[in-house]
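Scroll down for the structure; my scribbles are underneath it.
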Amino acid sequence: MLELEHGFRIVDVYARLSPGDTGPRVDGRSVTPDQLEREMHQSGITKSVVFPPVRSDRRYLAPNNGVARRSVDRPFVAFARINGTRRPTASATDRLRNAVRSRDDHHTSPADIERYAYDDRFHGFVLDPGVDEYPDEDVLAALEAVGLPVIVRGGTDATPETLASTLLERSFPVVVAHFGGHPLDRSLMHDLIDLLEEYDDCYLETSFVRYRDPLERALLEHPDRVLFGSGAPACHPDVAVMEILTLDVSEDKLWRVFSKNACRVVDALAPASDA
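Sequential numbering from 1107 applies to the sequence shown in the numbering used here.
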């Protein structure tokens, strides 16, 4: 694709990076770190939050470390993928299962959260509840104690109502990917925009949204709560950038979604850390 020309500093809060392992993946295409870096540069993206893809065996220690290694000397900000043991407690079956289930060695523990948080290679966490379920109370308490942002994949298997009852009451920033509506559920996106009135530490991420009306509505009603995400490598970052550039909003709001908002949530994305 052609190199984009625009006057914005853009940071990206949602990109997958292959850790180089051969484990059982469950999502999308992979590119090498060099390829991803080239695509980001081509699109005018100065820094990107990166994390390993979902794995069906839910073992993330090695992939997280692999992503951290591949982020060195690149404009990448590594987030650690975590998992849990809990399902939303809407049904009696889920409540019983949650009550009797304990963590296995591949589940994220409070000690894991502390190790990632105090390892200067990692700057936050990523959770896909549809595959990896939700953290238990002890892990959530550890997340609150360290206070780093958590990116959670929102959608039909992690609805706004469920996120409100499991994560949004907590004191750490929660960035809900895909406007909470993956795959392309416009009503869920608008439901999550409604929740922004209630939860001050909830933010929305733009990758794979595709609809203009929820993007423009969120930027008009909550301009400080929307963060740009490319969805690379599944989506070329040029496409994601153009979807934002063509919105009918002011230049100030474009600056906010492209960089200002993300830099408030993820310190490592701020311009000063480019030096």
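From the three backbone atoms N, C-alpha and C, an ideal C-beta is built for every residue, glycine too.
Subject >> Cβ neighbour criterion (16 or more within 10 Å) applied to S1277 >> reply: It is exposed - the Cβ of S1277 has fewer than 16 other Cβ atoms within 10 Å.
Subject >> Candidates D1263, D1140, L1274 and F1185, of which the one nearest R1193 by Cα >> reply: D1263
**OP:** Go ahead and pull the three-state DSSP assignment for Y1120.
**Re:** strand
Subject >> Where the beta strand (DSSP E) containing T1311 begins and where it ends >> reply: The identity of residue 1311 in the sequence shown is Glu, whereas the question assumes Thr. C1308 to E1311 is the span of the beta strand (DSSP E), which, as asked, contains E1311.
Original post:
Near F1114, what residues of its chain come up, given a Cβ to Cβ distance below 6 Å and the 5 sequence neighbours on each side ignored?
Top reply: For F1114, where only same-chain residues beyond five positions count, the Cβ hits under 6 Å are F1364.
**OP:** Report, in whole angstroms, the separation of the C-beta atoms of T1138 and P1181, which I expect to be a contact under 8 Å.
**Re:** Contact doesn't hold; Cβ gap of about 15 Å is too wide.
Subject >> Host beta strand (DSSP E) of A1283 (start-end) >> reply: Residues V1280 to H1288.
Original post:
How big is the Cα-Cα spacing for D1210 and A1186?
Top reply: Taking the Cα positions, D1210 is about 18 Å away from A1186.
Original post:
Where does R1221 land, buried or exposed, given buried means 16+ other C-beta within 10 angstroms?
Top reply: exposed
Original post:
Which residues share a DSSP beta bridge with I1151?
Top reply: I1116
**OP:** Assign A1247 to one of two classes, buried (16 or more other C-beta atoms within 10 Å of its C-beta) or exposed (fewer than that).
**Re:** It is exposed - the Cβ of A1247 has fewer than 16 other Cβ atoms within 10 Å.
Original post:
Of all the beta strand (DSSP E) runs that stay within the bounds of the segment 1153-1240, which reach a length of 3 or more residues?
Top reply: Complete beta strand (DSSP E) runs here, min 3: 1182-1187 and 1228-1233.
**OP:** Use the C-beta contact count for H1213: other C-beta atoms within 10 angstroms, 16 or more gives buried, fewer gives exposed.
**Re:** buried
**OP:** Return the Cβ separation of H1288 and F1314 in integer angstroms, given the expectation that the two are a contact with Cβ distance under 8 Å.
**Re:** 6 Å
**OP:** Take the Cβ of G1335 as the centre, count every other Cβ of all protein chains shown within 10 Å, and call the residue buried at 16 or more, exposed below.
**Re:** buried
**OP:** Hey, could you find the ends of the alpha helix (DSSP H) V1355 is sitting in?
**Re:** Per DSSP, V1355 belongs to no alpha helix (DSSP H) and is neither H nor E.
Subject >> Unbroken beta strand (DSSP E) run spanning R1259, endpoints >> reply: V1256 to G1261
Subject >> Bounding residues of the alpha helix (DSSP H) (the contiguous stretch that carries D1291) >> reply: D1291 -> no alpha helix (DSSP H), and no H or E assigned at all.
Subject >> Distance between S1162 and C1369 (C-alpha atoms, nearest Å) >> reply: 32 Å
Original post:
Just checking my contact of I1299 with P1320 at CB under 8 Å: how many whole Å lie between their CB atoms?
Top reply: 6 Å
**OP:** Check each candidate in S1215, L1360, Q1141 and E1143 and name the one with the smallest Cα separation from Y1166.
**Re:** S1215
Original post:
What is the rounded straight-line gap between the Cα of I1257 and the Cα of Y1120?
Top reply: 8 Å
Subject >> Backbone CA spacing between D1306 and A1251 [nearest angstrom] >> reply: A straight line joining the alpha-carbon of D1306 with that of A1251 spans about 18 Å.
**OP:** Just the C-alpha distance for S1154 and S1177, rounded to the nearest angstrom, thanks.
**Re:** Straight through space, the alpha carbons of S1177 and S1154 are spaced by roughly 10 Å.
Original post:
At a Cβ threshold of 7 Å, is D1244 touching chain C?
Top reply: Although the question refers to chain C, the structure presented lacks it and comprises just one protein chain.
**OP:** Select from A1340, R1362 and M1348 the residue whose C-alpha is nearest the C-alpha of L1325.
**Re:** Minimum Cα distance to L1325 is reached at R1362.
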